[in-house]
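For reference, the structure is listed below as structure tokens.
Protein chains in written order, with the numbering used here: chain A, 419 to 1025; chain B, 22 to 149; chain C, 498 to 1256.
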């Protein structure tokens, strides 16, 4: 199979699966769903193994998969091509989807065909967005993700699902329509100049640079509007906590794991290379939004009582760090940012899975009603603490590498550096974001763990901590394993000690008898995530190595743009610092003389 | 009206001529003018009828009238450009109109059965 | 280089280039040259890559323990595996030391294990960021690793008995966390670059978090764990910024590169760089203060005593909290980048020592007294670093590790035996309780050592620090030395207050409320473990039988007592002028020597050399300090003996008298409440920022941002729609008229344009 055929099949396999689900009996739906997502995973792994451009930064195969004329509406082509970054995100998607689907085996009861069918459609749409080299094809994938997600939230969500799904849809839709307008504008301008309609990304990016500065600015702003909603940036994030809270577990996993990355991917792949000169003008403003997201939203997290809402808000804060790394406009921060996308997908997705598994047992996510679950669910507690630690950026786990690089990148993003990639942020951004991320990030995550995992046991259906009856029974089953296997322990707790008020708890509400602690299936879902988190944390070099060529390509126009912008600012007298050295002045970092680059950079702190 | 009526007469004559001779020749501008005027008149009659009458069958007939006005315009322009697509469309419209008529009359009958009246005022559920 | 001269004006500072200091220019210059070549010549030794197992073994044992937990292993297997792994790690460190003796080697060695974080985007310096898994091994590394792994093994043995009531899931969790801790501590100490140090730094933090929160059923333990983690994170932020600045200025975060550059600049007499380079030590020091519980980040350590006692001994007394000292000693050259950096360290250390000692005098919880004494002793170490005796500081770390671990384990044995009783008012005469003889007498050794009586190990190490501080007239170091002596008096007092109360006097005791255990691990009455009759109140004390320690606990206590005694040998040998000081040699063969005048002066001499030309109170410095320390130590013990052994009532009377005095009555209250620092931090930071800020921001986010602005914008189309609502009356004709009207408008517009000739 050629590479392009393989890509095409990765898009088609889920759709085939969805059709198969539609025509098969209801009880087979989940198996077909899982099987087709595994097929896609297999295909993506085979593709990754054969992928020839890991270290070149090129797009492969970058060809129109259909012969000319089959799908060709005035310049729109179905060109697929991936570079290392796209491929990593594709792998993330294909890896998370089977886990999310498998994790839904007991969670989704009723209307399974719709659930698994829409989920596979969602997979296909996401993959299209990551593969497309044509902006219209990209947009189709990008936009079409909303539809399955809408149904997943609106049908399978929580109590407030109608409002949440409406908000999700309108918010992201309005944003991305503006993005489309910008893309079409550039395409029409390009068509005016060349007399040929061409929607290919490379052509548009090439042409965008010839637009007037004012046009570039507005094109960039319009592009960012859509992507910012998806990321989500600070003032337009309010759909996310709602959507996350109401979505079913698998929906939350994919929403946090991959859908948000469409936003950052859009910024990285489309917006930033499109208009460097416009981007540098807005970097300062966008960085303010990032930092507000990191600090203020971290504090907002501290006030949450719903676990999913807390993790959802934490996503906003984390994506703030991720975007700050990207806006630092140097390979350090941008590599960190790309890695952050992957790591955030893994750790937050896993946290949502953990919360979902707990929710299946206790039917609440309210931290006021839960406490000390480590006693009855030690394995679950292990995973929660583990993924919390990846989330707060414990070195040795994956979160650290990316957070560290993002913050370092932001720090190094000053106008005069010998790194060859000047940026416009600088130390104050890094320090403020660091305060939010390192300190407040630890506060709220540990607050959640402290409330739910540790503490005296309290759970609906397990009695309060004063009564020794239920607590003791469950405590022996979970903590000591006295019941010879967790399943029987849970059974006894819900029948003998629990009494009538236990009818919908502890052992799973409807039909499925879930053990007190995680079942083998659930462990098998979380364990690969944990292993990958650990591996990336200990040996991220292969990833960083393949990301670098791609980030260098994205950053191609930036050193110049930043220097131009800096020169303009200086001529306007906006920079009050000492006369700057030329960016490529021969400075040896080991023993520099006085007033090297950093002097003016740290001058930023002083200002 | 003074200019329209003579041209209408001569236009009708040329139509007859064309039909009898079966000679394919560029359309007479007067013919086009006359045919379009007829089309507009038909359409306006249909429109006014649709807006003023409350009887659903009458309203339906008025829509048919407007459809036929469109058909005349199609044929006219087809003749003007000397190609057959106008006529093709008309055939198409006639087919659709036939199906539509069947459907619409059936609906009218159903609606009548529900409310025992043909007045469209009996149905205002779309009101917000 | 003038920095150095201002730093150590009383010391021979030929390093600084002004050879007139004390006429010992040539010697110091030789020393500097030796240090420079020693450090500059870091060589790669791939054949030593087996040293990576020192890190890997504890990690593997941690993984094994967690797996045991998952498979519900219900025996002592996790403990055995952990002991074996830690013991092997200790053996490996010992082997490493024997095969590679830093005091005789030509320089430090580096061992590259594998790549970690590596972003390379250009050829030039500054265009790459590399942090690999590599080891940097010199005297300081081995010195630290020897006692870290050695004590780790001993404490694991102790814990195997101490934690036996938890055998089952929690037992595995405990030893898993201990394994993680040893791995992280190993990376911290042996890591070859700052990122790896940061990894260890946070890793020990997380192990500490897990172990403080070990009895997670107790809300106080959970809160203490969180507090420790968050306060450490404040310091970690400083460390992160410090790492960045180091990378920025040196183009690398590898020790080998940094030290080479530092040695060169010191030798050349110029630091170069701009003022931001001078910020490096301040940021790094913030990290050190967080981890080593110094002002302003010290309040987490006493709370950390919520953890099991072996953990308090290992992490919160002997090893982890000394990481700050290690950081400064390791990066000593960087602390010379700003003239006042080390003075800040000295003052913070001195003040912390004093402050913690004052609090320690008024606590009744045995472990808390020792916790404050740990903070206080750490303060001494920072004082030592600040006044320029890295040897004194590191040696004090070494000696302190033994006797403090001993004290904690002894109090742990008491706690174990008396169902969690820690209140020194409720146990008395332990020396006569059957089975507790070893505990009582080894505890006495620990107390003597902590009081730094003459010829104990701590005497040598602490006096090195105080002597150097005393003989240095700059920047108030002499004030700090007197403060340190006062602190020594208080230390002796509160230490022996504990011992006299607990071990002296009549035999009487009340059991505790089984603080370790309770309902966390099914230790309830119906569960019936060995000493499960634990819910005893004071009333049924007569039915209570202390649970005497057995082989593992007693054995480890004895071993630690021997270790504490032996730890004084290097100091004693030097004191008697019998030979070179092993500890000083080890420290000298490391980066902690770069720019330290009194060490480079002569490896064997140590502090003794430079003390020659300094006098204290008109006497030779050594003699004076010997006398002063002796007076302080015995004075403190005498006061403690009077109030807590001879006339215990008197202590209470004195306290009441103080409290009744309106002028001074606030003092005991403030001391008992730890100077209200926790309350202050809560009022200043926690409530305003986290609680108030969080809730207000959440309210703004929900009702103003989302409810007001976002939903407000969404309502605009609805309002516009409402304007035209009357058109939609539900009648078919109404819609048709609207449509026709629309068409009419469009036509009118077309006609209008046509009339204007637009078409």
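Heads up, the beta-carbon is just placed ideally off N, CA and C, and yes, glycines get one too.
If you draw a 10 Å sphere on the C-beta of residue 1166 of chain C, you find fewer than 16 other C-beta atoms in it, and that means exposed. Against chain C, a Cβ distance below 9 angstroms from residue 142 of chain B picks out 1228, 1229 and 1230. By alpha-carbon distance to residue 522 of chain A, the top candidate from A/831, A/667 and A/779 is A/667. In this structure residue 1007 of chain C is buried. Its beta-carbon is surrounded by 16 or more other beta-carbon atoms within 10 angstroms. For residue 606 of chain C, the enclosing beta strand (DSSP E) starts and ends at 606-617. A Cβ-Cβ separation of about 6 angstroms places residue 622 of chain A in contact with residue 608 of chain A under the 8 angstroms criterion. For residue 634 of chain C, the uninterrupted beta strand (DSSP E) segment begins and ends at 625-634.
By the C-beta density criterion, residue 102 of chain B is exposed, having fewer than 16 other C-beta atoms within 10 angstroms. Nearest neighbour of residue 798 of chain C by Cα position, chosen from C/1198, C/705 and C/619, turns out to be C/705.
In this structure residue 564 of chain A does not touch residue 597 of chain A by the C-beta definition: roughly 13 angstroms separates them, more than the 8 angstroms allowed.
For residue 482 of chain A, the enclosing beta strand (DSSP E) stretches over residues 478-482. Residue environment analysis places residue 918 of chain C among the buried positions, since at least 16 neighbouring C-beta atoms fall within 10 angstroms of its C-beta. Counting only unbroken stretches of 4 or more residues, the alpha helix (DSSP H) elements lying wholly within the segment 48-74 of chain B are 50-73, in sequence order. Buried is the label assigned to residue 935 of chain A, since at least 16 other Cβ atoms lie within 10 Å of its Cβ.
Every alpha helix (DSSP H) stretch that sits fully inside the segment 691-720 of chain A and reaches 4 residues is listed by chain position as 694-720. In the DSSP assignment, residue 688 of chain C forms a beta bridge with C/632. Around the beta-carbon of residue 937 of chain A, 16 or more other beta-carbon atoms lie within 10 Å, marking it buried. Straight through space, the alpha carbons of residue 751 of chain C and residue 696 of chain C are spaced by roughly 14 angstroms. With contacts defined as CB atoms closer than 7 angstroms, residue 861 of chain C and residue 924 of chain C fail to qualify as a contacting pair.
Going by DSSP, residue 500 of chain A is part of the beta strand (DSSP E) stretching over 497-500.
With contacts defined as CB atoms closer than 7 angstroms, residue 768 of chain A and residue 961 of chain A fail to qualify as a contacting pair. Rounded to whole angstroms, the separation of the alpha carbons of residue 982 of chain C and residue 1129 of chain C is 7 angstroms. Below the 7 angstroms Cβ cutoff, chain C contributes no neighbours of residue 736 of chain A, its closest Cβ being approximately 16 angstroms away. No Cβ of chain C is located within less than 7 angstroms of the beta carbon of residue 132 of chain B. Following the DSSP letters along the chain, one finds residue 970 of chain A inside the alpha helix (DSSP H) bounded by residues 959-972. Per DSSP, the continuous alpha helix (DSSP H) segment holding residue 800 of chain C begins and ends at 797-800. Close to chain C, meaning a Cβ-Cβ distance shorter than 7 angstroms, are the following residues of the segment 66-93 of chain B: 68, 71 and 72. Under the criterion of beta carbons closer than 8 angstroms, residue 753 of chain C and residue 607 of chain C qualify as touching, at roughly 6 angstroms.
According to the DSSP secondary-structure assignment, residue 1005 of chain C is paired through a beta bridge with C/925.
Contact annotation: in the segment 835-859 of chain A, residues whose CB is within less than 8 angstroms of a CB in chain C are 835, 836, 837, 838, 839, 845, 848, 849, 852, 853, 856, 857 and 858.
Annotation: residue 672 of chain C to residue 653 of chain C spans about 8 angstroms, alpha carbon to alpha carbon. Within 8 angstroms of the CB of residue 1237 of chain C, the CB atoms of chain B belong to 68 and 72, in sequence order along the chain. In its chain, beyond the 5 residues on either side, 662, 729, 730, 733, 762, 763, 766, 767 and 770 have a beta carbon closer than 8 angstroms to the beta carbon of residue 674 of chain A. For the pair of segments examined, the segment 832-840 of chain C was found not to touch the segment 950-962 of chain C: the number of CB pairs separated by less than 8 angstroms stays below three. Close partners of residue 121 of chain B in chain C (Cβ separation under 9 angstroms) are lacking, with about 16 angstroms as the shortest Cβ gap. When C/1063, C/1197 and C/568 are compared, the shortest CA-CA separation from residue 721 of chain A is found for C/1197.
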